[in-house]
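> The sequence shown begins at 85 in the numbering used here and counts up one residue at a time. Where a beta carbon is used, it is the ideal one built from N, C-alpha and C, also for glycine.
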Amino acid sequence: MAIGNYTLNGFIITGFDHLQNQKLLGFLILCSYMLILLGNGINLCIISTDRHLHKPMYILICNLAVIDIMFSTSCSTTMISVLLAEIKTISYYSCISSMYFYHLGDFTICMALTLMAVDRLIAIMLPLRYHSIVTNSRTCLLIFLTWLIGFGVVALFASVIDSVPYCRQPVIKYAFCDHPSLIRAACVDPEPYFFVPVMISMWLLGGQFPFIMCTYAVLAYSVSKLSNNSSKKQMINTCLSHLIVLLSYYAPKLVSILLTRIGVVLNLTERNAVLIVASLIPPLINPTVYCTRTKEIRKRLAHVFLGKKIVPHHLKIISIALIS
85 MAIGNYTLNG FIITGFDHLQ NQKLLGFLIL CSYMLILLGN GINLCIISTD
135 RHLHKPMYIL ICNLAVIDIM FSTSCSTTMI SVLLAEIKTI SYYSCISSMY
185 FYHLGDFTIC MALTLMAVDR LIAIMLPLRY HSIVTNSRTC LLIFLTWLIG
235 FGVVALFASV IDSVPYCRQP VIKYAFCDHP SLIRAACVDP EPYFFVPVMI
285 SMWLLGGQFP FIMCTYAVLA YSVSKLSNNS SKKQMINTCL SHLIVLLSYY
335 APKLVSILLT RIGVVLNLTE RNAVLIVASL IPPLINPTVY CTRTKEIRKR
385 LAHVFLGKKI VPHHLKIISI ALIS
């Protein structure tokens with residue numbers, strides 16, 4: 085990319101230069117990334133190969149797994165390259181692509197969590213009408229729309245980045261390529277360029293998050309009214325899984341905003357730490373939660389790895405009836 089008399093070949097990432105144990109951090113990030121690929125890959129394989137799991141809730145889990153893989157890949161590969169391979173230069177279009185998929189993943193995770201909260205709300209509030217309201221086709225359509233909106237929103241970020249001038253070898257002082265770091269590396273006043281991203285972030289954090297929490301407040305009230313203890317326990321386990329996933333995504337963002345609002349100034353190391361945690365912890369926790377807390381996936385895992393046979397529920401009823 086040529087701008088005036090200057091040819092922009094790429095960016096230099098210096099966010100880790102001040103660290104002493106770069107190899108150790110790179111190894112930890114590599115291990116986390118491999119676990120993310122393994123966990124989400126297992127979820128995708130289990131759900132896609134078992135037709136009994138081709139239901140709206142599991143389609144939403146598959147969607148989240150795909151997003152997690154994309155989200156973590158967009159940032160982890162750059163950090164691993166810098167820390168372990170010591171390749172600190174990234175090409176212009178590779179950096180733009182990484183930024184695009186990183187923010188696309190960030191946006192679609194939030195939308196996926198909203199869809200999952202609405203799915204659980206309908207399942208508990210309208211159990212008899214759930215299967216007629218929430219169908220596989222409608223679920224896939226909603227997922228498609230969230231991705232379509234995400235592609236459009238993040239394309240706006242990419243077009244802005246592509247239009248700003250770079251008058252020298254740009255240096256990224258953060259851990260990987262994202263919108264703020266690329267704007268700060270340009271030869272412009274960065275503040276005006278943060279208005280639209282801040283508005284979108286405020287909508288995700290100030291709109292989507294309270295909405296999701298309200299749905300869980302309604303769910304908690306509905307569950308407390310159940311008289312059947314086994315049904316109540318099942319509902320609590322399901323909602324708790326979603327809450328763990330929700331908080332793993334929003335907690336780092338809320339902590340960062342809270343610290344900023346009370347006047348705490350984070351240095352470069354602390355900012356990068358928050359950024360890395362917010363980028364790797366949710367994709368790492370999500371498959372673990374759904375593998376361990378979702379009964380059907382646990383059964384399928386036991387069948388695959390331990391060789392335990394899965395007996396369909398209707399056959400269990402028939403066998404019990406014959407024995408009695």
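Given 8 Å as the limit, is there contact between the segment 146-155 and the segment 182-199, that is, 3 or more CB pairs closer than that?
Yes: the two stretches touch, three or more of their Cβ pairs being nearer than 8 Å.
> Looking at the strands, I want to know which residues DSSP matches up with T173.
Taking the first residue of the sequence shown as position 1, residue 173 is located at position 89. Answer by DSSP bridge pairing, in chain order: I96.
> State the DSSP-derived secondary structure class of H102, mapped to helix, strand or coil.
Counting from 1 along the sequence shown, the entry for residue 102 is found at position 18. The answer is coil: DSSP assigns H102 none of H, G, I, E or B.
> Quick one: grab the DSSP three-state call for V255.
By 1-based counting over the sequence shown, the position of residue 255 is 171. Strand.
> Tell me whether V166 sits in a helix, a strand or coil according to DSSP, three-state version.
For this step, residue 166 is matched to residue 82 along the sequence shown. Helix.
> For the structure I just gave you, are there three or more beta carbon pairs, one from the segment 355-371 and one from the segment 112-125, closer than 8 Å?
The segment 355-371, when compared against the segment 112-125, does touch it at the 8 Å Cβ threshold.
> Apart from the five residues just before and just after N220, which ones in its own chain have a Cβ nearer than 8 Å to its Cβ?
In the sequence shown, residue 220 corresponds to position 136, counting from 1. For N220, where only same-chain residues beyond five positions count, the Cβ hits under 8 Å are H138, K139, P140 and I143.
> Tell whether a beta-carbon distance below 8 Å holds between S232 and A196.
Taking the sequence shown and counting its residues from 1, one reaches residue 232 at position 148. Taking the sequence shown and counting its residues from 1, one reaches residue 196 at position 112. Position check: residue 232 holds Leu in this sequence, whereas Ser was assumed. In this structure, A196 does not lie closer than 8 Å to L232 by Cβ.
> Using CA coordinates, which residue listed in I126, F95 and L359 is at the minimum distance from Y374?
Position 290 of the sequence shown, counted from the first residue, corresponds to residue 374. Out of I126, F95 and L359, I126 has the C-alpha closest to the C-alpha of Y374.
> Beta carbon of L329, beta carbon of I369: below 8 Å?
What you label residue 329 is simply residue 245 of the sequence shown in a count that begins at 1. What you label residue 369 is simply residue 285 of the sequence shown in a count that begins at 1. The question names Leu, but residue 329 in the sequence shown is Val. Yes. Within cutoff.
> Short check: CB of I245 to CB of H263, under 8 Å?
Sequence index remark: in the sequence shown, residue 245 carries index 161 (1-based). Sequence index remark: in the sequence shown, residue 263 carries index 179 (1-based). Yes, Cβ-Cβ distance for I245 and H263 is below 8 Å.
> Is the beta carbon of F278 sitting closer than 8 Å to the one on C159?
Counting from 1 along the sequence shown, the entry for residue 278 is found at position 194. Counting from 1 along the sequence shown, the entry for residue 159 is found at position 75. It is not a contact, given that the beta carbons lie outside the stated cut-off.
> Which class does I407 belong to by DSSP, given the choice of helix, strand or coil?
Here the question's residue 407 lines up with position 323 in the sequence shown. Confidence in I407 is poor, its pLDDT being 35 and thus under 50, which makes the residue's placement unreliable; the coordinate value appears in the next sentence. Three-state DSSP puts I407 in a helix.
> Is L303 closer than 8 Å to I208 when the C-beta atoms are compared?
Numbered from its first residue, the sequence shown carries residue 208 at position 124. Numbered from its first residue, the sequence shown carries residue 303 at position 219. Against a cut-off of 8 Å, the Cβ pair of L303 and I208 comes out as a contact.
> Identify whether K412 lies in helix, strand or coil by the three-state DSSP scheme.
Only positions 85 to 408 of the chain appear in the structure, and residue 412 is not among them; the question remains open.
> Going residue by residue through the segment 204-251, where are the continuous alpha helix (DSSP H) segments of at least 4 residues, counting only ones entirely within it?
As far as the segment 204-251 is concerned, its whole alpha helix (DSSP H) runs of at least 4 residues are 214-217 and 220-247.
> Going by beta-carbon coordinates alone, are V238 and I267 separated by less than 8 Å?
The count along the sequence shown starts at 1 and reaches residue 238 at position 154. The count along the sequence shown starts at 1 and reaches residue 267 at position 183. Contact: no.
> Hey, quick one: how far does the alpha helix (DSSP H) through V307 stretch, first residue to last?
Working through the sequence shown from its first residue, we reach residue 307 at position 223. F293 to S308 is the extent of the alpha helix (DSSP H) around V307.
> Keeping to the same chain, check which residues put their C-beta closer than 6 Å to that of L168; ignore five residues upstream and five downstream.
Along the sequence shown, read from residue 1 onward, the residue named residue 168 stands at position 84. The residues are G110.
> My output table needs one value for V202: the three-state DSSP class, helix, strand or coil.
Here residue 202 is taken as the residue at index 118 of the sequence shown, counted from 1. It is helical.
> How big is the Cα-Cα spacing for L210 and L327?
For this step, residue 210 is matched to residue 126 along the sequence shown. For this step, residue 327 is matched to residue 243 along the sequence shown. Whole-angstrom Cα-Cα distance: 20 Å.
> Note down the Cα distance separating H215 from R222, rounded to an integer number of angstroms.
Within the sequence shown, numbered from 1, the residue matching residue 215 stands at position 131. Within the sequence shown, numbered from 1, the residue matching residue 222 stands at position 138. Going from the Cα of H215 to the Cα of R222 covers about 11 Å.
> Going by the beta-carbon positions, is the gap between C323 and R204 smaller than 8 Å?
Within the sequence shown, the letter at position 239 stands for residue 323. Within the sequence shown, the letter at position 120 stands for residue 204. Result yes, Cβ atoms of C323 and R204 sit closer than 8 Å.
> Check whether the Cβ atoms of S182 and T162 lie closer than 8 Å to each other.
For the purposes of this step, residue 182 is taken as the residue at position 98 of the sequence shown. For the purposes of this step, residue 162 is taken as the residue at position 78 of the sequence shown. Their beta carbons are under 8 Å apart, which means S182 touches T162 by this criterion.
> Taking Cβ positions, are F241 and P294 nearer each other than 8 Å?
To locate residue 241, count along the sequence shown from 1; it is residue 157. To locate residue 294, count along the sequence shown from 1; it is residue 210. No, Cβ-Cβ distance for F241 and P294 is not below 8 Å.
> Find out if the Cβ-Cβ distance for the pair F100, P254 is shorter than 8 Å.
Locating residue 100 in the sequence shown gives position 16, counting from the first residue. Locating residue 254 in the sequence shown gives position 170, counting from the first residue. Not a contact, by the Cβ cut-off of 8 Å.
> I need the boundaries of the alpha helix (DSSP H) containing V280, first residue and last residue.
Taking the sequence shown and counting its residues from 1, the one referred to as residue 280 is at position 196. Start and end: F279 to W287.
> Can the beta-carbon of C194 be found closer than 8 Å to that of L108?
Your numbering for residue 194 matches position 110 in the sequence shown. Your numbering for residue 108 matches position 24 in the sequence shown. Cβ atoms of C194 and L108: not closer than 8 Å.
> Over what stretch of residues does the alpha helix (DSSP H) that includes L350 continue unbroken?
Within the sequence shown, the letter at position 266 stands for residue 350. Unbroken run through L350: none, as it is neither H nor E.
> Can you tell me where the alpha helix (DSSP H) holding P264 begins and where it ends?
To locate residue 264, count along the sequence shown from 1; it is residue 180. From DSSP, the alpha helix (DSSP H) with P264 extends over H263 to A269.
> Alpha carbon to alpha carbon, what distance is there between C179 and I171?
Numbered from 1 along the sequence shown, position 87 holds the residue referred to as residue 171. Numbered from 1 along the sequence shown, position 95 holds the residue referred to as residue 179. Spanning the two alpha carbons is a distance of roughly 13 Å.
> What did DSSP end up calling V272 once you bin it into helix, strand or coil?
For the purposes of this step, residue 272 is taken as residue 188 along the sequence shown, with counting starting at 1. Coil, per DSSP.
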